[in-house]
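**Student:** Mind the numbering: the sequence shown is residues 22 to 598 in this note's numbering, read in order.
Cβ atoms here follow ideal geometry from the backbone N, Cα and C, with glycine treated the same way.
Submitted below is the structure of interest, expressed as structure tokens.
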Amino acid sequence: MFNKLPGWVVKSVVLLLFTLGLFRYYSNTEPYATGDGIEYILTTEAWYNHGTPTIKPVDFNSFKADFIAHQSWESNYKAAAFDEVERFLKEDQSMEKAPIRKEFGGFYRNKNGGVYGYHFVFYSLLNVPARCMTDLFNIHPIQAFKYTNLACWILLLILILFIRKPLGFDEVLLFLAAFLSAAFYYNTWTHPELTTVVLLMASFIFLKHERFHLAILTCALATLQNQPLVFLLLWMYVYVWSKLRYAIKPMLPFGLYGVIVFIPSLYFYSLFGTTSLIKDAGFLAAENISMTRVVGFYFDLNQGMILSIGLFLLVYMALLVYRWVIMIKNRLWDPWDLIPLILVSMTVLVSAMNNWNHGMAIVNRYAVWIAVPLLFHVFHLMHDFSMRFRIPLLVSAYISQGILLSVHLPFNQFDWSNLQHMPIAKWVLNHHPSWYNPDPQIFIARTNRLFDFTKNSSPVLYFNQNNQLVKLAVHLENVDTLSTFGYKMNTLRSYPMVKSGRERWIYINNFKQRSTKSSVELLRIIENSEVQRIISEMRANPQWIKEITLKAERNHMDLEEQLLLDARYIFNENHPR
Numbered sequence: 022m023f024n025k026l027p028g029w030v031v032k033s034v035v036l037l038l039f040t041l042g043l044f045r046y047y048s049n050t051e052p053y054a055t056g057d058g059i060e061y062i063l064t065t066e067a068w069y070n071h072g073t074p075t076i077k078p079v080d081f082n083s084f085k086a087d088f089i090a091h092q093s094w095e096s097n098y099k100a101a102a103f104d105e106v107e108r109f110l111k112e113d114q115s116m117e118k119a120p121i122r123k124e125f126g127g128f129y130r131n132k133n134g135g136v137y138g139y140h141f142v143f144y145s146l147l148n149v150p151a152r153c154m155t156d157l158f159n160i161h162p163i164q165a166f167k168y169t170n171l172a173c174w175i176l177l178l179i180l181i182l183f184i185r186k187p188l189g190f191d192e193v194l195l196f197l198a199a200f201l202s203a204a205f206y207y208n209t210w211t212h213p214e215l216t217t218v219v220l221l222m223a224s225f226i227f228l229k230h231e232r233f234h235l236a237i238l239t240c241a242l243a244t245l246q247n248q249p250l251v252f253l254l255l256w257m258y259v260y261v262w263s264k265l266r267y268a269i270k271p272m273l274p275f276g277l278y279g280v281i282v283f284i285p286s287l288y289f290y291s292l293f294g295t296t297s298l299i300k301d302a303g304f305l306a307a308e309n310i311s312m313t314r315v316v317g318f319y320f321d322l323n324q325g326m327i328l329s330i331g332l333f334l335l336v337y338m339a340l341l342v343y344r345w346v347i348m349i350k351n352r353l354w355d356p357w358d359l360i361p362l363i364l365v366s367m368t369v370l371v372s373a374m375n376n377w378n379h380g381m382a383i384v385n386r387y388a389v390w391i392a393v394p395l396l397f398h399v400f401h402l403m404h405d406f407s408m409r410f411r412i413p414l415l416v417s418a419y420i421s422q423g424i425l426l427s428v429h430l431p432f433n434q435f436d437w438s439n440l441q442h443m444p445i446a447k448w449v450l451n452h453h454p455s456w457y458n459p460d461p462q463i464f465i466a467r468t469n470r471l472f473d474f475t476k477n478s479s480p481v482l483y484f485n486q487n488n489q490l491v492k493l494a495v496h497l498e499n500v501d502t503l504s505t506f507g508y509k510m511n512t513l514r515s516y517p518m519v520k521s522g523r524e525r526w527i528y529i530n531n532f533k534q535r536s537t538k539s540s541v542e543l544l545r546i547i548e549n550s551e552v553q554r555i556i557s558e559m560r561a562n563p564q565w566i567k568e569i570t571l572k573a574e575r576n577h578m579d580l581e582e583q584l585l586l587d588a589r590y591i592f593n594e595n596h597p598r
């Protein structure tokens, strides 16, 4: 039946079904300003209201008015943060003599009094058409970002289906791999990860079809929000140059696209006299770079790329070894052989960030789009093999992605997955704790929900499902505290030592064997500090503290008493005896 239909009809039906399924699946998602979403939301509002990225009080007011038309402001999980941004925006209009802040929460005020976000404004500008649509059809304003992200997938599928008459099955398979990757979790995010993934996918597709101008243009656009992609753009220039037989003159027109890379730097320099607010604010430091981070970026069991693309990553490792053997044997190479170097370069650069356990949807945000060139390289390397070899590998890889999605989807709530250990990591910690010694930020934040990575947080104790202490992290300057827990230290050299910036921690995986105290005794020791930590967490969550306040009123109790009661209940639930 389908053989008798024109190809464009079949493709159109596929596109329609995909679009309907996509919007149906995401129709009831709860609006939430994920990650740096407040900044992107208000910058979008500024573009929409007056065509500039200068964020004004009127932009906050218009967003809030549209927000409360669909849900109460109190139900906004980030209401307190939004309200503080509003106060920051209005400080220069206040009659009070209090000093005017120059920065708050990713918003910066320049010498002329204009307020801007510390990320470039390209993604917010892309979101303006969807914001216009939400206003026109009376839809929640935060949903605009979801519609922008879903539209990106649809446009990418249109490109793949209609770029040429004989359908490229590799492109379809790559689309499927990208869609089933961690990008799936980011479809509802108020963040540019999904847009970056789609731009990179389009760039490589154009490259494959030798539409070099479009390939370099789309890659250059992707660098606007994620500067490490400059490495990939340079690789594309090398690739195109090799295709043009290393002639200089034909390459000159392509150089114009390189100017796009400098637009963010020029933008910030014109407003603040610096090329990067993020760099100047101290969010990046070379001392943060470590082998643990670089390797963990791909293989960490809580947030690594392995959770996104599954067996594709392991297949890639094997294919690289095979390719390197061939290269050494034949002494021949091509530009694709530089891709691993490009991947490592981008990974090293992003691992310089201070906050390695940032807000995310299951997988590290940067791993979502760095996976794109890796996936295309996988398919490029597979071309040397027969279909009998390729099909089982691809089927296995897609199945692994499906399994990973089913395992992790229940844990994908907003940007909160950085506050708990993911299922695979939890299983390893429970049964084989010595196998997993991640960057201390990951272990500390997900075990104790603390974001203080100095010795003040040491030690950090991990109890398994049987309430047995199986792993402990202790700051190098704080090992003497272990005597309180009845632990007799061995030589420091015998423990895994992992650094996070200037902080150095060691992991202890043999606590039960070398401690004179039982897990029950240890729980009694830490109970009071844990209860206070839970109370601090309650106070930091506006919605949570509001619910406890109402609960205290119903129970005719003092708020402090109710907080203590609820915190002890949570502690006992987490550690049943």
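I need the boundaries of the beta strand (DSSP E) containing Tyr129, first residue and last residue.
**Tutor:** Looking at the DSSP string, the run of the beta strand (DSSP E) that includes Tyr129 is 128-130.
**Student:** I need the boundaries of the alpha helix (DSSP H) containing Glu581, first residue and last residue.
**Tutor:** Element bounds for Glu581: 580-595.
**Student:** Could you please give me the residues that DSSP links to Ala101 through a beta bridge?
**Tutor:** Note: Ala101 sits in no beta bridge, so no partner.
**Student:** Using three-state DSSP, classify Ala90 as helix, strand or coil.
**Tutor:** Ala90: coil per DSSP, three-state reduction.
**Student:** Please report the distance separating the alpha-carbon of Phe227 from that of Asp355.
**Tutor:** So the two alpha carbons sit approximately 19 Å from each other.
**Student:** With 16 other CB atoms within 10 Å as the buried threshold, where does Phe190 fall?
**Tutor:** It counts as exposed.
**Student:** Rounding to the nearest angstrom, what Cα-Cα distance links Phe81 and Leu238 in this structure?
**Tutor:** Their backbone Cα atoms lie some 33 Å apart in a straight line.
**Student:** Using 10 angstroms around the beta-carbon of Gly294, count the other beta-carbons present and answer buried if the total reaches 16, otherwise exposed.
**Tutor:** Exposed, because fewer than 16 other Cβ atoms sit within 10 Å of the Cβ of Gly294.
**Student:** In this structure, does DSSP put Trp526 in helix, strand or coil?
**Tutor:** In this structure, Trp526 counts as strand in the three-state DSSP scheme.
**Student:** Would the stretch 478-498 count as touching the stretch 525-540 if we require 3 or more Cβ pairs under 8 Å?
**Tutor:** Short answer: they touch.
**Student:** Indicate whether Val519 and Thr313 have their beta-carbon atoms separated by less than 7 Å.
**Tutor:** Cβ atoms of Val519 and Thr313: closer than 7 Å.
**Student:** Go ahead and pull the three-state DSSP assignment for Trp437.
**Tutor:** Residue state, collapsed to three classes: strand.
**Student:** Does DSSP classify Arg152 as helix, strand or coil?
**Tutor:** Helix, per DSSP.
**Student:** Does the count of Cβ pairs from the stretch 143-152 and the stretch 163-175 closer than 8 Å reach three?
**Tutor:** They touch, by the three-pair rule.
**Student:** Taking DSSP as the reference, what is the three-state secondary structure of Leu490?
**Tutor:** Three-state DSSP puts Leu490 in a strand.
**Student:** Just list the residues that DSSP pairs Phe484 with in beta bridges.
**Tutor:** Leu490.
**Student:** Helix, strand or coil for Tyr516 per DSSP?
**Tutor:** Three-state result, Tyr516: coil.
**Student:** Between which two residues does the alpha helix (DSSP H) harbouring Gly42 extend?
**Tutor:** Unbroken alpha helix (DSSP H) run through Gly42: 28-46.
**Student:** Which of the three DSSP states is assigned to Met326 in this structure?
**Tutor:** Of the three classes helix, strand and coil, the one that applies to Met326 here is coil, per DSSP.
**Student:** Where does Glu601 fall in DSSP's three states?
**Tutor:** As displayed, the chain neither begins before 22 nor continues past 598, which places residue 601 out of reach and without an answer.
**Student:** Distance check for Pro461 and Phe474, CA to CA, integer angstroms please.
**Tutor:** In a straight line, the C-alpha of Phe474 is about 7 Å away from that of Pro461.
**Student:** Leaving out five residues on either side along the sequence, give the residues of the same chain with a beta carbon under 6 Å from the beta carbon of Leu544.
**Tutor:** Within the same chain, Leu544 has close Cβ partners His596.
**Student:** Could you check how far apart the C-beta atoms of Asp156 and Asp87 are, in whole angstroms? I think they sit under 8 Å.
**Tutor:** 7 Å between Cβ atoms; contact.
**Student:** What residues in its chain sit with their C-beta under 8 Å from that of Ser600, if we drop five residues either side in the sequence?
**Tutor:** Outside the displayed span of the chain (22 to 598) sits residue 600, for which this structure offers no information.
**Student:** Measure how close the beta-carbons of Ile327 and Tyr319 come, nearest whole angstrom, since I'm counting them as under 8 Å.
**Tutor:** That belief holds up - the Cβ atoms of Ile327 and Tyr319 are roughly 6 Å apart, short of 8 Å.
**Student:** Can you give the Cα-Cα distance for Lys99 and Gly127, rounded to whole angstroms?
**Tutor:** Going by the C-alpha atoms only, they are around 15 Å apart.
**Student:** Tell me the start and end of each unbroken alpha helix (DSSP H) in the stretch 49-89 that is at least 4 residues and wholly inside, in chain order.
**Tutor:** Qualifying alpha helix (DSSP H) stretches, in chain order: 58-71, 78-89.
**Student:** What's the gap between the Cα of Trp456 and the Cα of Ile529?
**Tutor:** So the two alpha carbons sit approximately 12 Å from each other.
**Student:** Gly28 to Leu38, Cα distance in whole Å?
**Tutor:** Using only the alpha carbons, I get a separation of about 16 Å.
**Student:** Short of 6 Å in beta carbon distance, which residues of its chain neighbour Gly507, apart from the five on each side in sequence? Order them along the chain.
**Tutor:** Cβ neighbours of Gly507 beyond the five flanking positions: Ser536, Thr537, Lys538.
**Student:** Kindly list the residues whose CB is nearer than 7 Å to the CB of Glu498, restricted to its own chain and excluding five residues on each side of it in sequence; keep chain order.
**Tutor:** These residues qualify, in order along the chain: Lys476.
**Student:** Determine the extent of the beta strand (DSSP E) in which Tyr137 is found, giving its start and end residues.
**Tutor:** 136-138 is the extent of the beta strand (DSSP E) around Tyr137.
**Student:** Only counting the same chain, and skipping five residues up and downstream in sequence, which positions put a Cβ closer than 7 Å to that of Lys509?
**Tutor:** Closer than 7 Å at the Cβ level, and outside the excluded window around Lys509, lie Arg535.
**Student:** In the DSSP output, what is Tyr508 paired with across the bridge?
**Tutor:** According to DSSP, which records beta bridges pairwise, Tyr508 is partnered with Ser536.
**Student:** From this set, Pro52, Gly317, Tyr144, which residue's C-alpha is nearest Pro74's C-alpha?
**Tutor:** The option with the nearest alpha carbon to Pro74 is Tyr144.
**Student:** Can Ile391 and Ser438 be called in contact, C-beta distance under 7 Å?
**Tutor:** Against a cut-off of 7 Å, the Cβ pair of Ser438 and Ile391 comes out as no contact.
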